[in-house]
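Remarks on the structure that follows.
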């Protein structure tokens, strides 16, 4: 099995992130528009094969743009991206992680998220472009509390 490299994004990665998200029917329109997202990328042989994003609002954050190229799924790349993003969220002082999904509810339930009412979203999450503009009202809104770093 070839080695997967995990790293934070650079400005040059934005078109590749957008393309991967668009190809997988995920919101990409606000990537690179003066955003404050942190992305961790999975790369194999110089090719972007996965991404996960975090939009931090003090103690809460929105997990977003979580995607692995179809032919690389079931290789634990998603699990590794998620674990690395959890560690990054903790390092930023995040206590609660939120997300919106239209297709991966069961996956996130297995990762410890629970479905919560959209009306309970913190104001900072509610005003995010993903919450307001890009995810339909039918998307599941999910939350996970993060234990402190060891």
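Numbering (UniProt numbering), first residue to last: 1 to 150.
A virtual CB, placed ideally from N, CA and C, is assigned to each residue, including glycine.
1) Check whether the Cβ atoms of residue 97 and residue 67 lie closer than 8 Å to each other.
2) Nearest CA to the CA of residue 10: which residue from 73, 128, 42?
3) For my contact list, residue 56 and residue 94 are in at a C-beta cut-off of 8 Å; report their separation, rounded to the angstrom.
4) Classify residue 6 as helix, strand or coil using the three-state DSSP reduction.
5) Suppose you measure from the CA of residue 70 to the CA of residue 2; what does that come to, to the nearest Å?
6) Hey, is the region 140-150 in contact with the region 114-122, meaning 3+ C-beta pairs nearer than 8 Å?
7) Is the Cβ-Cβ distance between residue 26 and residue 37 less than 8 Å?
8) Give the list of continuous alpha helix (DSSP H) stretches no shorter than 4 residues that lie fully inside the UniProt domain "N-acetyltransferase" (1-147).
9) Report the rounded CA-to-CA distance for residue 64 versus residue 121, giving the unit in angstroms.
Concretely, from the data shown:
1) no
2) 42
3) 6 Å
4) strand
5) 16 Å
6) yes
7) no
8) The alpha helix (DSSP H) runs lying completely inside the UniProt domain "N-acetyltransferase" (1-147) and spanning 4 residues or more are 14-23, 77-91, 105-110, 123-126, given in chain order.
9) 15 Å
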